[in-house]
Each structure stands twice: as C-alpha cells, then as structure tokens.
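K.L.:
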Amino acid sequence: MNLSDEQIERYSRHILLPELGSAGQEKLLAGRVLLIGAGGLGSPAGMYLAAAGVGTIGVIDSDVVDLSNLQRQIAHATPDLNRPKVESAAETFKAMNPDVNVRTYHARIMADNALDIINDYDFVVDGADNFPTKFLVADACHFADVAYSHAGILRFQGQTMTVVPNESACYRCVFNSPPPPNAVPSCSQAGVLGALAGVVGCLQATEAIKSILGTGDLLTNRLLMYDALKLNFRTVSISRQSKCPLCGENPIITEVVDAEEAVCDLAAGR
Amino acid sequence: MTITINAEATEIPDDTSVTELLKLHEVKMPEMVSIELNGEILERDKYESTQLSNGDSVELLYFMGGGAIGI
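Chains as they are written, first to last, in numbering that gives the first Met the number 0: chain A, 0 to 269; chain B, 0 to 70.
1. Are any of the Cβ atoms in chain A nearer than 8 Å to that of GLU58 (chain B)?
2. Give me the subset of the region 107-138 of chain A whose CB atoms are less than 9 Å from a CB atom of chain B, sorted by chain position.
3. Please tell me whether ASN220 (chain A) and ALA168 (chain A) are closer than 8 Å, where the distance is taken between their beta carbons.
4. Which two residues bound the contiguous beta strand (DSSP E) that contains SER61 (chain A)?
5. By the 10 Å Cβ neighbour count, where 16 or more other Cβ atoms means buried, how is HIS202 (chain A) classified, buried or exposed?
6. So, using beta-carbon positions, are MET0 (chain A) and GLU25 (chain A) closer together than 8 Å?
7. So which of A:ARG171, A:ARG233, A:LEU217 has the shortest CA-CA distance to SER241 (chain A)?
8. So HIS75 (chain A) and ASN81 (chain A) are in contact, right, with Cβ under 8 Å, and what is the actual spacing, rounded?
9. Output the boundary residues of the alpha helix (DSSP H) element that contains MET95 (chain A).
10. Would you call ILE7 (chain A) buried or exposed, if buried means 16 or more other Cβ atoms sit within 10 Å of its Cβ?
11. Output needed for GLU147 (chain A): all residues of its chain with C-beta closer than 6 Å, excluding positions within five of it in sequence on either side, in chain order.
12. From GLY193 (chain A) to GLY23 (chain A), what distance separates their C-alpha atoms?
13. Output yes if chain B places a C-beta closer than 8 Å to the C-beta of PHE174 (chain A); else output no.
14. So, at 8 Å on beta carbons, what are the nonlocal neighbours of ALA89 (chain A) in its own chain, with the 5 sequence-adjacent residues on each side left out?
15. Since ILE34 (chain B) sits in a beta bridge, which residues does DSSP pair it with?
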C-alpha cells in the first residue's frame, strides 16, 4: 500500500513519530478493530481510531440514541435521537475520515454471532454496558484468539486491562464469572461522569493502535484503575490464574455460551 | 495489625478473615468485587476461611460495566 499525498498530509503527525512512520500508518490503514458498543467508551475510542486511519472499524450495538446518552456518548449528537447508534456512529466516523470503512451490526453480540463477527478483526474494544456481554466477549475473543481491551466506568472511577489470549491474564482470571443479577444495582443508582468515559475510551483506542503497530507495551497482566475525583491512576499486577475457568489448566468454559442477563429496571437510564 | 488495602496502609484487628474485612471496609456488594491477596486472585469460596496476616496486601477489584449504564 502506498500512501497518497493527501494521506501523507492527513497522517503527518503520526508519520513524524519514529515508532510509527509511514510503515506504521500503513499498518493502521490495514488494521481492523471491532467496537462492542457505540456508547460512552465506544464513541471516543471509535472517533480516535477513525481519525487515526484504522482502515476497518466494526461497530456492534442494538440500541438507539437516547437523550440521556448525549452527556457522554460523543459520537452521537442531538439530531441523532432515536436513530440506531451504529448508524449515527458510522456517520460520525466516516465524516471524520473517509479512508475508514465502517461496518455496522445493529444487533446484540450473542453466542450465535460472536465468533463469526470477531474472527474478522485484529482487536476488540469492549465497551459493553452489561456483564453477560463482557464475559461473552472475553470468552469469544479467547476462542477466536483475538486481543481485546476490557474497560468499565462507574461514577468517577474507571478501569481497563488488555488481554492477549493464551499469553496474558484474561478477564475471567480477575473476575471469574458474572455477578448474580440481583447484586447489580439498578441503573438509577449508578451515574457516571461523561468526561471519564472519554479518558478510558481513549486508553482503549491507544491499546488498539499499539496492538496493530506491535509497538510499546500493552496493558497486559495489569489492571489500570483511574479515580477521576482524586486524579489518580494506579495499576495492579494481575497474573494468569491456573484455576481460571477460561484459560486455566482445566478450563470449564469450552465454547461461547450466552449468560443470563442482569435485568436493568430502568430502561430510560440506558 | 497493618495491611495494605488498595495501596493504602490500614489498621485492622488481628485474626480478621477476608469476609470480615469486606464488612469492615463497608463493601456493600461483595458479589461486585474480586479480591487479590498478595498478588493472587482469591477464590470466592475461600474468603471465609482465609485469615489475613500483618503486612498482607489486598486489592479490591470492583466489577465495572461499560459506557452506557455504568454497572
């Protein structure tokens, strides 16, 4: 692939980086990243990946844009209310950078479609809002052997870790299995600072870019915790667990299956 | 005795189990936290039987969902 004059100008600030250069930019243009969710995390992650010239961005989300989303889900704007999030996000990404091929899946990621979709990508950015999906994505990425970035945000706190299947500690090494649905507080109890989603989503985009480039050290075997109120970042070392139900010595999970959904009692809170 | 909880030195009574620590630390939803003790993830069914020792390092790793609902 040869960069056009316009691409050389568009990506000049990337190309100036010795770790990236025109070869790295070509890798990004050939790169394929899947966003699970076009919400608070998927929006900033997808926008920076689009701006960076990641050539194929997949986005899967079954929701439509709600007024309460706009405080943080910056790929969507007021005129997008009630539109499928995947359509609105795809339009935003394409407007930012026509080099990007956006593939949309207006669906939930489930056991019956997860592997087919994930197999088409080099890296997965998990911005899912619920635990059954987060565990399903972790399992599917393990079986597809595709690296992924987990992240979560709550109130003023965020966390993220990157997983390279069969090499680094996985999501289940740390969190084992979904919490019982009755332990998950109702949506009305949980708020989140919008800008926090931006910080954490951008960390996920950075990991996707590094993974495609093969540059630097990924956030593997570490869980990064961000406290926005104290403005403190801290990493906790995590090691692969021999008893992990997914990647341990005697795995219990041998295929991708749907977990029971934790019921959210306030649909308007989405 | 003194242990470290999420990188902060904390005084707790001697002979505190992990289950008791969760109460002391006012963790309202223990199901929403994973515990790392001295660098190893502790299995949930061992919380009751695991006694903490002076100098232990405990990380409370909260389950966090993604961008839309938040948990």
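All residues carry an ideal CB built from backbone N, CA and C; glycine is no exception.
Here the structure is a predicted model, which means the values were calculated and not measured.
P.N.:
On the basis of the supplied data:
1. Locating residue 58 (chain B) in the second sequence gives position 59, where the first residue counts as 1. Yes, contact with chain A.
2. ASP125, GLY126, ALA127, ASP128, ASN129, PHE130, THR132, LYS133
3. Residue mapping note: residue 220 (chain A) aligns to position 221 of the first sequence, counting from 1. Residue mapping note: residue 168 (chain A) aligns to position 169 of the first sequence, counting from 1. Closer than 8 Å, so yes.
4. Translated into positions along the first sequence, residue 61 (chain A) becomes position 62. Looking at the DSSP string, SER61 (chain A) is not in any beta strand (DSSP E), and its letter there is neither H nor E.
5. Counted from its first residue, the first sequence places residue 202 (chain A) at position 203. This sequence places Leu at residue 202 (chain A); His is not what is there. LEU202 (chain A) should be labelled buried.
6. Taking the first sequence and counting its residues from 1, the one referred to as residue 0 (chain A) is at position 1. Taking the first sequence and counting its residues from 1, the one referred to as residue 25 (chain A) is at position 26. In contact: MET0 (chain A) and GLU25 (chain A) (Cβ atoms closer than 8 Å).
7. Along the first sequence, read from residue 1 onward, the residue named residue 241 (chain A) stands at position 242. It is A:ARG171 whose Cα lies nearest to the Cα of SER241 (chain A).
8. Translated into positions along the first sequence, residue 75 (chain A) becomes position 76. Translated into positions along the first sequence, residue 81 (chain A) becomes position 82. Not really, about 11 Å apart at Cβ, beyond 8 Å.
9. Taking the first residue of the first sequence as 1, we reach residue 95 (chain A) at position 96. That run of the alpha helix (DSSP H) goes 84-95.
10. To locate residue 7 (chain A), count along the first sequence from 1; it is residue 8. If you draw a 10 Å sphere on the C-beta of ILE7 (chain A), you find fewer than 16 other C-beta atoms in it, and that means exposed.
11. Counted from its first residue, the first sequence places residue 147 (chain A) at position 148. Note that residue 147 (chain A) is Tyr in the sequence shown, not Glu. Excluding sequence neighbours, TYR147 (chain A) sits near VAL123, ASP125, CYS140, VAL162.
12. What you label residue 193 (chain A) is simply residue 194 of the first sequence in a count that begins at 1. What you label residue 23 (chain A) is simply residue 24 of the first sequence in a count that begins at 1. Straight-line Cα distance between these residues: approximately 32 Å.
13. Translated into positions along the first sequence, residue 174 (chain A) becomes position 175. Under the Cβ distance rule, PHE174 (chain A) counts among the residues neighbouring chain B, one pair being separated by less than 8 Å.
14. Counting from 1 along the first sequence, the entry for residue 89 (chain A) is found at position 90. Closer than 8 Å at the Cβ level, and outside the excluded window around ALA89 (chain A), lie VAL58, VAL101, THR103.
15. Translated into the one-based positions of the second sequence, residue 34 (chain B) becomes position 35. For ILE34 (chain B), which the question treats as bridged, DSSP gives the partners B:LEU59.
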